[in-house]
Amino acid sequence: MVKVLGWLAVVGIAAGLTMGFAVAPREVTQGNVQRIMYLHVPAVWVAYLAFIVGFVASVVYLARRRDTADRLAHAACEVGTVFLGVNIATGAIWGKPTWGTWWTWDARLTSVAVVFVMFLAYLLLRQAVEDPERGARYAAVLGIVAALNIPLVHFSVYWWRTLHQPPSLLKPGTSAMPPSILAALLINFAALALLGAYFIARRARVLAAEAEALA
Amino acid sequence: MRYARRALIVAWKDLVVERRSKETLNALLFFSLALLFVFQFTLGPDRERLAAVLPGVLWLGFILSGVLGLGRTFLVERDNDCWEALLLAPGDKSAVYVGKLAASLALMLVVEAIVLALFTLFFNVDLGPALPGLALVIVLGTLGIAAVGALFAAMTAQVRTRELLFPVLLLPVLVPVLLGTVKATEALLLREPLASVAHWWQLLVAADVVYVVVGLLTFDVLLEG
Amino acid sequence: MPDNWSFVAAAYGLAAIVFLGYWRRLGTKEREITALRADRGSHQPSRTAHPRPEAGSRAPLQ
Numbered sequence: 001m002v003k004v005l006g007w008l009a010v011v012g013i014a015a016g017l018t019m020g021f022a023v024a025p026r027e028v029t030q031g032n033v034q035r036i037m038y039l040h041v042p043a044v045w046v047a048y049l050a051f052i053v054g055f056v057a058s059v060v061y062l063a064r065r066r067d068t069a070d071r072l073a074h075a076a077c078e079v080g081t082v083f084l085g086v087n088i089a090t091g092a093i094w095g096k097p098t099w100g101t102w103w104t105w106d107a108r109l110t111s112v113a114v115v116f117v118m119f120l121a122y123l124l125l126r127q128a129v130e131d132p133e134r135g136a137r138y139a140a141v142l143g144i145v146a147a148l149n150i151p152l153v154h155f156s157v158y159w160w161r162t163l164h165q166p167p168s169l170l171k172p173g174t175s176a177m178p179p180s181i182l183a184a185l186l187i188n189f190a191a192l193a194l195l196g197a198y199f200i201a202r203r204a205r206v207l208a209a210e211a212e213a214l215a
Numbered sequence: 216m217r218y219a220r221r222a223l224i225v226a227w228k229d230l231v232v233e234r235r236s237k238e239t240l241n242a243l244l245f246f247s248l249a250l251l252f253v254f255q256f257t258l259g260p261d262r263e264r265l266a267a268v269l270p271g272v273l274w275l276g277f278i279l280s281g282v283l284g285l286g287r288t289f290l291v292e293r294d295n296d297c298w299e300a301l302l303l304a305p306g307d308k309s310a311v312y313v314g315k316l317a318a319s320l321a322l323m324l325v326v327e328a329i330v331l332a333l334f335t336l337f338f339n340v341d342l343g344p345a346l347p348g349l350a351l352v353i354v355l356g357t358l359g360i361a362a363v364g365a366l367f368a369a370m371t372a373q374v375r376t377r378e379l380l381f382p383v384l385l386l387p388v389l390v391p392v393l394l395g396t397v398k399a400t401e402a403l404l405l406r407e408p409l410a411s412v413a414h415w416w417q418l419l420v421a422a423d424v425v426y427v428v429v430g431l432l433t434f435d436v437l438l439e440g
Numbered sequence: 441m442p443d444n445w446s447f448v449a450a451a452y453g454l455a456a457i458v459f460l461g462y463w464r465r466l467g468t469k470e471r472e473i474t475a476l477r478a479d480r481g482s483h484q485p486s487r488t489a490h491p492r493p494e495a496g497s498r499a500p501l502q
């Protein structure tokens with residue numbers, strides 16, 4: 001199952017790259033640097049999907065205490081953090097030529113950065129608690145708090161940046177999207193989602209093997 | 216009302232311990248005072264600049280004190296071998312959460328009131344008509360800090376790297392509370408009416424509800440062992 | 441606006457490095473565990489469920 005996902009991901013990535021570079025047109029205002037969007041935007045969608053999976057798995061773990069749920073939560077939050085990191089880094093790289101600066105405290109970048117740090121803390125907690133059963137319980141609670149906090153973070157940061165202030169900087173790619181660009185975006189999303197699913201499945205499998213080996 | 220009674224007992228115990236030793240209260244007060252000086256020194260004598268950053272500086276002080284004080288809420292139990300007593304407490308353990316939350320809230324509000332008074336003194340701020348709105352924002356914000364803090368304090372009480380892990384867990388989660396309180400305080404100090412910052416204190420209320428409900432629902436999971 | 445292909449390359453390159461790095465980390469962990477299992481497995485035959493002393497090796501009660 002993991003292998004299948006892996007190969008599907010490879011196919012997806014190939015398709016995504018083709019769409020992103022060969023099929024999608026050169027963007028009018030930004031030029032070809034806009035193609036980073038096909039990586040940057042799907043990455044955050046996949047990350048947030050992963051955190052939602054982590055949230056559900058955490059709730060299931062607390063309700064049922066199934067170890068598979070705990071491992072899924074752990075894997076999902078870890079993989080989500082990786083994808084979010086990619087999103088932030090590619091966002092900075094995209095921002096430099098477009099906005100002239102590596103970082104700006106605009107609403108989206110800032111809220112994503114906060115969520116990133118929240119889930120880094122989740123991974124730190126996992127490492128810090130030695131007893132695996134206690135670690136699973138604590139991490140589940142943190143996973144739930146962190147996931148529920150995501151909309152609060154987004155709203156607060158968005159209001160912080162936009163209220164009593166002129167509308168913020170140009171958001172690359174928000175003008176009406178030609179269908180080929182939308183298609184490229186969606187296919188890249190599917191590709192990264194497959195990659196994310198593969199990573200989660202494999203990570204969960206590693207966790208299961210670790211648990212068995214150390215038992 | 217056995218639940219309320221149990222919560223009250225936990226809160227009362229913590230407050231009595233605090234009243235007798237005054238360890239945490241004194242430490243937090245001195246810490247806040249030290250912060251006051253640090254802010255003054257680092258931000259320089261420029262009156263205008265200080266006035267502009269005052270809300271942020273004030274809440275930074277509150278949150279840092281919270282991090283210090285809240286991180287210790289369960290140390291009383293841990294250090295005195297009472298952790299097992301918590302685990303064995305009968306009935307719904309979320310009563311312990313409510314008790315801890317209430318005690319921490321009370322303690323933090325006392326510290327914050329004193330710090331606020333000192334701030335107005337040292338930075339020559341006239342609170343005047345802003346005070347009721349400010350009081351509301353402070354209570355809502357502190358409730359949020361204490362609600363998450365009590366939960367995370369239970370999580371980190373037994374961890375070796377507690378002093379480091381607790382702030383690392385707490386601060387990112389509290390970003391919405393920080394933003395809400397600072398923006399609301401800013402507006403109130405500029406004499407804007409409370410209604411103009413309705414979205415901010417409503418966000419605080421929403422955050423508080425989420426945190427307290429999650430705390431109530433999940434706390435006994437943390438006290439399982 | 442100029443095309444800034446170097447930035448595009450940097451972005452995709454960075455992502456590739458991160459994903460490949462994570463993939464390799466997973467592989468390393470898997471190999472570690474298999475090695476650990478093999479190591480444990482080689483000790484298995486000497487451990488019985490209820491360790492019993494060899495017959496005749498115990499001194500009789502005095």
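Residue numbers (my numbering), protein chains in the order written: chain B, 1 to 215; chain V, 216 to 440; chain Y, 441 to 502. Where is the CB? At the ideal position from N, CA and C, for every residue including glycine.
Along the segment 424 to 435 of chain V, going in chain order, the ones with a CB nearer than 7 Å to a CB of chain B are 425, 429, 433. At the C-beta level, residue 308/V and residue 229/V stay beyond 7 Å of one another. Looking at the DSSP output, residue 31/B bridges to 27/B.
The Cβ-Cβ distance between residue 383/V and residue 121/B falls below 7 Å. For residue 455/Y, the neighbours in chain B by C-beta distance under 7 Å run, in chain order, 39, 86, 90.
Identification of chain Y residues near residue 203/B by a Cβ-Cβ cut-off of 8 Å yields 466, ordered along the chain. Contact between the segment 354 to 374 of chain V and the segment 265 to 282 of chain V is present, with at least three C-beta pairs closer than 8 Å. Between residue 57/B and residue 69/B, the CB-CB gap stays under 7 Å. Nearest neighbour of residue 63/B by Cα position, chosen from 32/B, 162/B, 110/B, 141/B, turns out to be 141/B.
Around the Cβ of residue 162/B, a 10 Å sphere holds fewer than 16 other Cβ atoms; the residue is exposed. Secondary structure note for residue 132/B: its alpha helix (DSSP H) is the uninterrupted segment 132 to 162.
Here residue 90/B is buried. Its C-beta has 16 or more other C-beta atoms within 10 Å. For residue 54/B, no chain Y residue has a Cβ inside 9 Å of its Cβ, as the nearest lies near 17 Å away. Around the beta carbon of residue 236/V, fewer than 16 other beta carbons lie within 10 angstroms, which makes this residue exposed. By alpha-carbon distance to residue 16/B, the top candidate from 207/B, 211/B, 180/B is 180/B. Contact with chain V is absent for residue 105/B, since none of that chain's Cβ atoms lies less than 7 Å from the residue's Cβ. Ranked by how close their Cα comes to the Cα of residue 419/V, the residues 380/V, 352/V, 381/V have 352/V in first place. The C-alpha of residue 147/B is placed about 21 Å away from the C-alpha of residue 133/B. Going by C-alpha positions, residue 469/Y is about 7 Å away from residue 206/B. Along the segment 261 to 281 of chain V, none of the residues has a CB nearer than 7 Å to a CB of chain B. Closest option to residue 377/V, judged by alpha-carbon separation, among 289/V, 340/V, 260/V: 289/V. Residue 184/B does not reach chain Y, its nearest Cβ partner there being about 14 Å away, counting only Cβ pairs nearer than 7 Å. Listed along chain B, the residues sitting closer than 7 Å to residue 476/Y by beta-carbon distance are 213.
Closer than 7 Å to the CB of residue 210/B there is at least one CB belonging to chain Y. Runs of alpha helix (DSSP H) with 4 or more residues, each lying fully within the segment 72 to 135 of chain B, are found at 107 to 128, listed in chain order.
Identification of chain Y residues near residue 94/B by a Cβ-Cβ cut-off of 8 Å yields 447, 451, ordered along the chain. Residue 395/V has a beta carbon lying within less than 7 Å of a beta carbon in chain B. With distances taken between CA atoms, residue 399/V lies nearest to 273/V out of 273/V, 253/V, 248/V. For residue 44/B, none of the residues of chain V pass the 9 Å Cβ criterion, the least Cβ distance being about 17 Å.
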